[in-house]
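Colleague:
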Amino acid sequence: MTLATLLTFSAALFVVAATPGPGVAPIVARALGVGFAGTLPMVAGLILGDLVWLACAAFGLAVLAASFGTAFMVVKYLGAAYLLWLAVRLWRAPPGAEAVAAERRTMSPLRGFLAGFAVTIGNPKAMVFYLALLPALVDLGHVGALGFAELALATALVLFAVMGFYAALAARARVFLVSPRGRRMLNRVSGATMGAAAAGVAAS
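Every number in this note's numbering is 221 more than the matching position in the sequence shown, counting from 1.
Structural data, given as structure tokens:
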């Protein structure tokens, strides 16, 4: 695969990923709740979801993916329901240090990973990018194992950079809200953001 093709793909993915949507909102909400490190499993899940869509496009599985539309819908609504449950917990959380520990226990690394994966698998924006736009950017008929590895690495790096940037900004803002009143406001903002993400996933 040529460098120009890889850069074109990376630039297009960067624009799509950086546009706020169902993928960005839960990352921001999670970072506001428990800081940057707490978002990493969710970011990994998001990346894996994108790699699944990339594989569907690269290996000609678009028809198979479309035939499993019901399964993807189920995953989408389960992901939305989980995000909504987290939103309610954040909204109702007391503004103490013990609430932070409770938030960490509520979403284990595995749960965070699965939540991120479910959000991406059920995200129509990801589906459209990989199954409709990607073929216009990359000649998938000539993508071998090495080409796929290059696309997968570019996908992981771009998504980690974008989601990491959002998470870092949110985590930095969180540092300034350490008083009980500030913590309560932070919980409400995090809960509202997570709820908006759930609504976006369910409605899209």
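Built from N, CA and C at the ideal position, the CB exists for glycine as well.
Since we're looking at a predicted model, the values are computed, not measured.
1) Span of the alpha helix (DSSP H) holding A225?
2) Which residues mark the beginning and the end of the alpha helix (DSSP H) in which V273 is found?
3) How long is the line joining the alpha carbons of L305 and Y298, rounded to whole angstroms?
4) Check whether the Cβ atoms of M222 and W274 sit closer than 8 Å, and answer yes or no.
5) Which value, in whole angstroms, describes the spacing of the CA atoms of G259 and A336?
6) Quick one: is D271 buried, meaning 16 or more other Cβ sit within 10 Å of its Cβ, or exposed?
7) Cβ of I268 within 8 Å of Cβ of L380?
8) Helix, strand or coil for V364, going by three-state DSSP, please let me know.
9) Drop a sphere of 10 angstroms on the beta-carbon of T429, count the other beta-carbons inside from all chains shown, and report buried for 16 or more, exposed for fewer.
10) What does the Cβ neighbour count give for F338, buried or exposed, with the cut at 16 atoms within 10 Å?
11) Buried or exposed for L372, going by 16 or more other Cβ atoms inside 10 Å?
12) Given a cut-off of 8 Å on the beta-carbon distance, is the pair A382 and A252 in contact?
Modeller: Working from what's here:
1) Position 4 of the sequence shown, counted from the first residue, corresponds to residue 225. 224 to 239 is the extent of the alpha helix (DSSP H) around A225.
2) Position 52 of the sequence shown, counting from 1, holds the residue named residue 273. V273 -> alpha helix (DSSP H) spans 261 to 279.
3) If you number the sequence shown from 1, residue 305 lands on position 84. If you number the sequence shown from 1, residue 298 lands on position 77. Each residue's Cα considered, the two are about 10 Å apart.
4) Numbered from its first residue, the sequence shown carries residue 222 at position 1. Numbered from its first residue, the sequence shown carries residue 274 at position 53. No. Outside cutoff.
5) Numbered from 1 along the sequence shown, position 38 holds the residue referred to as residue 259. Numbered from 1 along the sequence shown, position 115 holds the residue referred to as residue 336. Going from the Cα of G259 to the Cα of A336 covers about 13 Å.
6) Numbered from its first residue, the sequence shown carries residue 271 at position 50. Around the beta carbon of D271, 16 or more other beta carbons lie within 10 angstroms, which makes this residue buried.
7) To locate residue 268, count along the sequence shown from 1; it is residue 47. To locate residue 380, count along the sequence shown from 1; it is residue 159. I268 places its beta carbon less than 8 Å from that of L380.
8) As a first step, residue 364 must be located in the sequence shown, where it is residue number 143. Reduced to three states, the DSSP call for V364 is coil.
9) No information on residue 429 is available, as it lies outside the stretch 222 to 425 that the chain covers here.
10) In the sequence shown, residue 338 corresponds to position 117, counting from 1. It counts as buried.
11) One-based indexing of the sequence shown puts residue 372 at position 151. Burial call: buried.
12) Along the sequence shown, read from residue 1 onward, the residue named residue 382 stands at position 161. Along the sequence shown, read from residue 1 onward, the residue named residue 252 stands at position 31. Contact: no.
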